[in-house]
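**Student:** Letter 43 of the sequence shown, counting from 1, is numbered 56 in the working numbering, and no numbers are missing.
Below are the structure tokens for one structure; questions will follow.
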Amino acid sequence: MDEDRTESPSEKIRDRIRDLRRQIAYHNDRYYNQDDPEISDYEYDQLSLELGRLEREHPEYADPDSPTQKVGGTARRELKKIKHDVPVVSLQDVFSREEIYGFVERMQSELKDPVFVVERKVDGLSVVLRYYDGILKEGITRGDGSIGESVYQNVLQIASIPKTIPAHLPYLEVRGEIYMSTKAFERANQKQAETGGRVYRTARNLAAGTLRQLNSAVVRERNLDIYVFNLEVSRGRDFQSHSETLNWLSQQGFPVSPDFAVCKTAEEVWDNIEKIGKTRWDLSFGIDGAVVKVDSLADRKRLGMTSKVPRWAIAFKYPPEQKETIVEDIRIQVGRTGRLTPLAVLKPIRLAGTLISRASLHNQDYMDAKDIRIGDTVIVQKAGDIIPEILRSLPEKRPEGAKRFVIPATCPICGSPARRDENGADIRCTGTNCFTQAVRRIIYFASKDAMNIDGFGPGTAEALMTEGYIKDFAAIYHLKDFREELIEKGLIGKEKGTDNLLSAIDASRENDIDRLITGLGIRNVGKQSARVIAMHFPDMDALSHATYEQLIALPDFGDIMVRDILDYFGREETHLLLQRLKEAGVNMTSRIAERTVDRRLAGKTFVLTGTLPSMTREEASELIQSYGGRVSGSVSKKTSYVLAGEEAGSKLTKAQGLGIPILSEEDLLNLLKQGNRFA
14 MDEDRTESPS
24 EKIRDRIRDL
34 RRQIAYHNDR
44 YYNQDDPEIS
54 DYEYDQLSLE
64 LGRLEREHPE
74 YADPDSPTQK
84 VGGTARRELK
94 KIKHDVPVVS
104 LQDVFSREEI
114 YGFVERMQSE
124 LKDPVFVVER
134 KVDGLSVVLR
144 YYDGILKEGI
154 TRGDGSIGES
164 VYQNVLQIAS
174 IPKTIPAHLP
184 YLEVRGEIYM
194 STKAFERANQ
204 KQAETGGRVY
214 RTARNLAAGT
224 LRQLNSAVVR
234 ERNLDIYVFN
244 LEVSRGRDFQ
254 SHSETLNWLS
264 QQGFPVSPDF
274 AVCKTAEEVW
284 DNIEKIGKTR
294 WDLSFGIDGA
304 VVKVDSLADR
314 KRLGMTSKVP
324 RWAIAFKYPP
334 EQKETIVEDI
344 RIQVGRTGRL
354 TPLAVLKPIR
364 LAGTLISRAS
374 LHNQDYMDAK
384 DIRIGDTVIV
394 QKAGDIIPEI
404 LRSLPEKRPE
414 GAKRFVIPAT
424 CPICGSPARR
434 DENGADIRCT
444 GTNCFTQAVR
454 RIIYFASKDA
464 MNIDGFGPGT
474 AEALMTEGYI
484 KDFAAIYHLK
494 DFREELIEKG
504 LIGKEKGTDN
514 LLSAIDASRE
524 NDIDRLITGL
534 GIRNVGKQSA
544 RVIAMHFPDM
554 DALSHATYEQ
564 LIALPDFGDI
574 MVRDILDYFG
584 REETHLLLQR
594 LKEAGVNMTS
604 RIAERTVDRR
614 LAGKTFVLTG
624 TLPSMTREEA
634 SELIQSYGGR
644 VSGSVSKKTS
654 YVLAGEEAGS
664 KLTKAQGLGI
674 PILSEEDLLN
684 LLKQGNRFA
């Protein structure tokens, strides 16, 4: 009889998969819906890992409803907060040979025959790994240095992190730097571009975003790596020096600080810093400096810390790499507002780790001031190691007959007259049917800062405009009428890609009008200005009939911006466009203005830096603006507060130097929740 039949191995695996799916679904419900979990995150993660392994080994039992196929199954369930055993602190930055010698000499005056370790400072984000009896059971971000967030499910997907180690110490805690190699970064960005996603400027930013992903499969796909640079706690084993711990950690299977050097004199320390500097652009990963540490752990304990940084270590920051190259040509690009921007075509050079062949020359005044001509030899660097810029030309190397370059009086795309802005340095195309302008306007309208239509990248915009499917913003909302044609032609992608884009377009209809105002591309009106407008006008109709007096009364609105707004809404084509958008179902009402606005942050300027625990920077900016505050991109004496998250950088350092108050996300939320007025 069937009841007596023994199950085959295949059936046992099938039943185990079914059982795991049932267990995970049950525990998801206890966690998400009832807020009453029955098992630890570690136990939950082990169930998920077993299910994922069995499904990979037995694809015949694949099920689209499996928890592994959904965010919330193998995805991280929540970024829970965890207190650090050892504070995760930053290092004091230095920038000169004299400062390095000063540090070494100071240590030599305070310690007996100190030894130093020089390491590369890998450009990534810090993570703390905890092992119990040789098994990895937790991964924690730096957070604010005292409390971080659990990214355990994601660190399990990083192949270079050992999940078990030979030494079964009762407790081991190490600190490392999660990073993305140059090749992995290029592959990930290529995929982002192909799917219309955000293209990241730096590997460090992409690594940080990846580690906090909700879907662990994305982490696995992007091939993050780690270098461990410090042993924090080792119960059951004592060490005498930092170099000893690095060698031991390497034996346990950890990738440790690559090619670290042990030094005894200031000359040896400086020679190794210079050696790292000469080879840093040849590495397969990014670094943002070199670290000098006292080697003796006993000496470190004796030296202790200042109020902010350890006294036993410093970080040397290299100046931007500069190289000579030749301006082979100067071309003109046309932007979405019609601005004609000169672009230097350079003889390709490898600079700061990438091949550089172009650099913006901004405008006629910039070219004239730096006296840059075709054929010139120029000095180039990357601003912030990201954006190529020409520092100066070398007239002594200029070829005979090189002439001053003048931006043309007509648009190179449509042939319309080009005119210089009144009281400005920019020259613009005056044409109303310039194709390049139209494409760039569409791209901006769909961008993350504006209508946030996911998947609507530059390639898609140009293809749809070239084929005549869209001519303006309103036409985007009628693309659904051509779904079958679009799939057949493959302009967006296959059926799934096309449907995803059409869904994103449909969802954008519900955006608040600050996004729409931003997307319209009114000159001098960006995200923040659009938000202010949406807070003071109930709908687009009221805005389109606004007076000069109403607009100039808005906070931080000047005469030029107000006149640009009035000019835009004074055109007949603007009113026709808004009517078509309204007929397409795009929201025209300000939900911000409908609410009673608490203006307690009015007059306060915030600068955001680092990764916040539970909000994106965009969400934090919107929160600040909803209370009347202003968000700026740079720190100055006029900054009221700096909102700092994990891995905060130079903005935090500058703010501390200026004595500007620093807030954590929790500080901001508590002050707003308590109804406090900001001083």
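Beta carbons are placed, not taken as given, at the ideal position from N, Cα and C, and that holds for glycine.
1) Does DSSP classify V101 as helix, strand or coil?
2) What alpha helix (DSSP H) runs, 4 residues minimum, are completely inside the region 435–518?
3) If you reduce the DSSP assignment to three classes, tell me which class L590 lands in.
4) Note down, in chain order, each residue of its chain lying with its Cβ closer than 8 Å to the Cβ of T652, except the 5 sequence neighbours on either side.
5) Could you tell me the distance, in whole angstroms, from the CA atom of E679 to the CA atom of S163?
6) By the DSSP assignment, the beta strand (DSSP E) with Q226 in it spans what residues?
7) Please confirm whether L219 and A230 have their CB atoms less than 8 Å apart.
8) Please classify T258 as buried or exposed, where buried requires at least 16 neighbouring CB atoms within 10 angstroms.
9) Out of L182, I171 and T177, which one is the CA nearest neighbour of S194?
10) In terms of DSSP beta bridges, what is A372 paired with?
11) In its own chain, which residues sit with a C-beta less than 6 Å from the C-beta of D384, not counting the 5 before and 5 after it?
12) Heavy atom of the ligand ADP less than 7 Å from the Cβ of A451, yes or no?
13) For E475, I'd like the list of residues in its chain whose CB is within less than 7 Å of its CB, leaving aside the five on either flank, ordered along the chain.
14) Return the residue from the list F298, S270 and Q638 that minimises the CA-CA distance to K306.
15) Helix, strand or coil: how does DSSP classify D11 here?
16) Who are the Cβ neighbours of Q377 in its own chain at under 6 Å, not counting the five residues just before and after it?
17) Comparing C-alpha positions only, which one of L262, H255 and T479 sits nearest to S4?
18) Distance, Cα to Cα, H97 vs T223?
19) Cβ of T338 within 8 Å of Cβ of K360?
20) Mind checking who T177 pairs with in its DSSP beta bridge?
21) Provide the residue span of the beta strand (DSSP E) that contains K94, from first to last.
22) Should the region 625–638 be regarded as contacting the region 585–593, the criterion being three or more beta carbon pairs within less than 8 Å?
23) In whole angstroms, give me the CA-to-CA distance for G616 and R496.
24) According to the Cβ coordinates, are D527 and I605 closer than 8 Å?
25) Between the alpha carbons of K502 and Y482, how many angstroms are there, rounded?
26) Can you name the start and end residues of the alpha helix (DSSP H) that A543 belongs to?
27) If distances are taken between C-alpha atoms only, which option among Q541, Y184, K321 and R344 comes closest to L104?
28) If you scan the region 261–339 from start to end, which runs of the alpha helix (DSSP H) of 4 or more residues do you find wholly inside it?
29) For I369 and V393, which I take to be in contact (beta-carbon distance under 8 Å), what is that distance rounded to the nearest angstrom?
30) With a Cβ-Cβ cutoff of 8 Å, do A661 and S677 count as a contact?
31) Grab me the residues of L316's own chain with a C-beta within less than 6 Å of its C-beta, minus the 5 sequence neighbours each way, in chain order.
32) Let me make sure I understand the geometry here. Which of D434, Q203 and G468 has the alpha-carbon closest to that of R235?
33) Check the C-beta distance from V107 over to I327 and give it rounded, since I have them as a contact under 8 Å.
34) For A555, name the three-state secondary structure that DSSP assigns.
35) Does the separation of the CB atoms of N260 and A274 fall below 8 Å?
36) I believe I153 touches G161 by the beta-carbon criterion, under 8 Å. Please report the beta-carbon distance rounded to the nearest angstrom.
**Tutor:** Considering the structure as presented:
1) Three-state result, V101: coil.
2) 448–459, 471–479, 486–489 and 496–502
3) helix
4) T618, F619, V620, S645, A668, L671 and I673
5) 17 Å
6) No beta strand (DSSP E) contains Q226, which DSSP labels as neither H nor E.
7) no
8) buried
9) For S194, the nearest C-alpha among the options comes from I171.
10) A357
11) If we look at D384 and ignore the five residues flanking it on each side, its Cβ neighbours are S406.
12) You won't find the ligand ADP in this model; it holds no ligand whatsoever.
13) V452
14) S270
15) A question about residue 11 goes unanswered here, because the residues of the chain that appear run from 14 up to 692.
16) I420
17) Lying outside 14 to 692, the shown extent of the chain, residue 4 is not represented and no answer is given.
18) 22 Å
19) yes
20) Beta-bridge analysis with DSSP links T177 to I148.
21) K94 to K96
22) no
23) 48 Å
24) yes
25) 12 Å
26) K540 to H549
27) Checking every option, the nearest Cα to that of L104 belongs to K321.
28) 279–292 and 310–316
29) 7 Å
30) With a cutoff of 8 Å on beta-carbon distance, A661 and S677 are scored as not near each other.
31) R324 and W325
32) Q203
33) 5 Å
34) Note: A555 maps to helix in three-state DSSP.
35) no
36) Contact flag correct, Cβ pair sits at about 4 Å.
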